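Under my numbering, read the sequence shown as residues -16 to 215, first letter to last. Backbone N, C-alpha and C fix where the C-beta goes; we use that ideal spot for every residue, glycine too. This one's a predicted model, so the numbers in the text were calculated from it and none came from an experiment. Note sheet for the following structure.
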Amino acid sequence: MIVEVSAPEATADQRTGTLVLVRHGESEWNRRNLFTGWCNPDLTEKGLIEALVAGRLLRAEGLKFDVCYTSRLRRAQRTLDLILSEMGETDLPIHFEEALNERHYGDLCGLNKDEAKERWGEEQVRIWRRSYDIPPPGGESLKDTEDRVMPYYQDHVWPDLKSGKSVLLVAHGNSLRALIMNLENLSGEEILRRELATAAPIVYRLGADGVPLERQDLLPTRSMDAHPEDIL
-16 MIVEVSAPEA TADQRTGTLV LVRHGESEWN RRNLFTGWCN PDLTEKGLIE
34 ALVAGRLLRA EGLKFDVCYT SRLRRAQRTL DLILSEMGET DLPIHFEEAL
84 NERHYGDLCG LNKDEAKERW GEEQVRIWRR SYDIPPPGGE SLKDTEDRVM
134 PYYQDHVWPD LKSGKSVLLV AHGNSLRALI MNLENLSGEE ILRRELATAA
184 PIVYRLGADG VPLERQDLLP TRSMDAHPED IL
């Protein structure tokens, strides 16, 4: 399924590049409901399928990329590799960057979410998870994550887009929230209500000022439990 959000049609000189954002596929720690942050689990079998399906969706849209960006974490890198393999795009330049890593959860890392609630209380854990600028002990808030993601985007990703390149960026729920928040001019409260599905591509076509002219959400039409050949 494709969901489109469009601005008034732009002329050719108002358009720049295409930016595709993808959250990594399901990881082993996602499946176990653990706070992951900068810990480095691999994808589950379901996550592998999700990544392949994302590649199939992007290929079906006729998208081609000039350059890729991802984090320093295995689950994002593996997702990117599988997407590119499925698209037949195996020789693109890839930038691996710590600034695109997931939000660091500090003392919560490795804990089951129920264990964290038992230790600190459900309300405190909710505040850490859903507040824009309140970090957990030893960790980052979404604002902290934004403060490293956006300078990197402006200094490295945006110049590629401004020159007309198509960019694939595979990262994590909160590093992508930080980016989407700025692209779509959302408040901290609004972006924290935005759920990002694993391995579901979001396609932005950007204007010359970096503001999205159009957004497409590419979603599979069948369950991820199906074989990737059966999805679409």
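Item to check | G104 versus K148 - alpha carbon distance | outcome: 47 angstroms
Next on the checklist: Please tell me whether A161 and V140 are closer than 9 angstroms, where the distance is taken between their beta carbons.
Outcome noted: no
Checklist entry - Got a sec, what are the start and stop residues for the alpha helix (DSSP H) Y135 sits in? => result L125 to Y135
Checklist entry - Where does R(-2) sit, in a helix, a strand or coil, going by DSSP? => result strand
Checklist entry - So, L159 versus F48, is the Cβ gap smaller than 9 angstroms? => result no
Item to check | For T73 and V3, the rounded distance between their alpha carbons | outcome: 17 angstroms
Checklist entry - Does the Cβ of N157 have 16 or more other Cβ atoms within 10 Å, making it buried, or fewer, making it exposed? => result buried
Checklist entry - Curious, which full-length alpha helix (DSSP H) runs of at least 4 residues does the segment 138 to 163 contain? => result 141 to 145
Item to check | Bridge partner(s) assigned by DSSP for F79 | outcome: T53
Checklist entry - Would DSSP call G190 helix, strand or coil? => result strand
Next on the checklist: Could you tell me the alpha carbon to alpha carbon distance between R61 and L166, rounded to whole angstroms?
Outcome noted: 26 angstroms
Next on the checklist: Beta-carbon within less than 6 angstroms of H78's beta-carbon, same chain only, minus the 5 sequence neighbours each way: which residues are those?
Outcome noted: Y52
Next on the checklist: Could you tell me the alpha carbon to alpha carbon distance between S67 and T(-1), rounded to whole angstroms?
Outcome noted: It should be noted that the sequence gives Leu, not Ser, for residue 67. Distance between the alpha carbons of L67 and T(-1): 22 angstroms.
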